[in-house]
Structures are given as C-alpha cells and as structure tokens.
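Step one of this worksheet: look at the structure below.
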Amino acid sequence: LSPALVLPVSTDVATALQLAYERDFSILPLAAPSSRQLIGWLSVDALKPLAEQGKIDLDAPLSSLDGAGAVNGATEGEGQSPVRRFARSRKYEVITPFTPLEDLDAFFAAQDQQPSADRFALVTDAARKFVLGIVTQEDLAKYVSLCPPPSPPPPPNTSPLSHPPSYFQPVRATKFTARRFPTPTSPFSNSISLPSSAPAPLAA
C-alpha cells in the first residue's frame, strides 16, 4: 500500500512534480487549502508531458490547471486536465485497508467500464476522514503475481493430524466366567512308597 501524499491545490507545479518523482507516485490527491477537504487529484502522467513541452508555468499553482473542472466520467467537465475534481453528485465506494482483494478487483473492473484513464482507489478509514494510501490497478496486479498460489484443499474426511481409523476403534469388553478346572495330577502321585524302616545292612 503506497502511503498517501495529499497536496493542497495551492502547491506550485514544480513542487508537485518533484514530490511525485521522489516517491514514484502517479496520482496525488488534492485538498482545499483552508478546509483540507479532498476536492480531486493530480494525474502526474498527464502533467509530465505538459511540463516537458513547456506548455505550463512551473511556478503556477495546481489550481490553475483545473480549467473547467476537467475530466471524464468520474469528474465534472470534459478534457484531460492534469488536475481533476471529484464529482459531488457521484456516490463513491469506500475502500479501507480491510477491504478484501476480491472487492478491490471488482472495483477496478467497474472502472474499466468508464472512460477515465486513471485507475486507482483512495484507501481511507471507514468514516472517510483520512486518506491512508493509494492503490492502482497495477499495484494490485503486481501483488497478486507475487503471492504464492493457494494450497489445494485436503481430501474430504481427512486431517493432517488424524490417525488411521483403526487406532480409535472402541474395544468391546469381554465378560469372562470363572470356571473351576480339576487340579492337575502330580507326576509323582503313582510313585512307589518306601518302607518306613530301612533294611538291615548285609553282614560281611
């Protein structure tokens, strides 16, 4: 988002061009010197060739370039004056830093249907009291080209952290009935009993 630089319409042409070159701006919002209310914008692309050809006075204020309120479609009057005024009768869409990119793209698509050569959006707060920045159609296209493609959605009923279903199968408790088994017979139960008294030793 390019930070906004709002100039009073009393700024001279040379200063406006210098500020635009330093910041690489093609659009500069213009405000009334007394009330600071936005009244229009300066198209640097339209001003540059006039200055290079010596057709305008560099010491003159920007208000001298307003003419009859030049522009087309979105502004009052006709022509391609570098200074263009907002049409008071037109309802403008509010663009804030939280506006989704899809809505911003639709905003520029609607501008494509109009004859105005400038394609930009003033980014303001929700109450439209402060200009926070300027976004052009080229800015949006550049940002989209630099963004990584979205990740494909995961297959249905799966999760990166899920385990195989068998791990979570409930184990059914088995009821065991105690049974009495016969005591195993000792392997020595059938052995021969020895007499209680040992036989007398044989005489020598």
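According to the working numbering, the residues represented by the sequence shown are 7 to 210, in order.
Idealized CB from N, CA, C, for every residue including glycine.
All values derive from a computational prediction rather than experimental measurement.
Cα-Cα separation, residue i to residue j
{"i": "Arg42", "j": "Pro161", "result": "55 angstroms"}
{"i": "Leu68", "j": "Ala133", "result": "27 angstroms"}
{"i": "Gln59", "j": "Leu48", "result": "18 angstroms"}
{"i": "Asp30", "j": "Asp51", "result": "11 angstroms"}
{"i": "Lys148", "j": "Val137", "result": "22 angstroms"}
{"i": "Ala6", "j": "Val19", "result": "Residue 6 is absent from the structure shown; the chain starts at 7 and stops at 210."}
{"i": "Ile28", "j": "Ala22", "result": "The residue asked about is misnamed: residue 28 is Glu in this sequence, not Ile. Glu28 and Ala22: Cα-Cα distance of roughly 10 angstroms."}
Per-residue DSSP class, three states only, for residue i
{"i": "Ser70", "result": "helix"}
{"i": "Thr142", "result": "strand"}
{"i": "Ser41", "result": "coil"}
{"i": "Ser49", "result": "strand"}
{"i": "Pro55", "result": "helix"}
{"i": "Phe126", "result": "strand"}
{"i": "Arg29", "result": "helix"}
Residue nearest to residue i in terms of C-alpha spacing, selected from the options
{"i": "Ile45", "options": "Leu34, Asp51 and Pro106", "result": "Leu34"}
{"i": "Leu146", "options": "Pro159, Ala112, Asp72 and Arg94", "result": "Ala112"}
Contacts around residue i, its chain only, beta-carbon distance under 6 angstroms, and the 5 residues preceding and following it disregarded
{"i": "Ala38", "result": "Ile45"}
{"i": "Gln143", "result": "Phe114 and Arg125"}
Own chain residues within Cβ distance below 7 angstroms of residue i, not counting five before or after
{"i": "Ala26", "result": "Leu34 and Val50"}
Cβ of residue i within 8 angstroms of any chain C Cβ
{"i": "Glu28", "result": "Although the question refers to chain C, the structure presented lacks it and comprises just one protein chain."}
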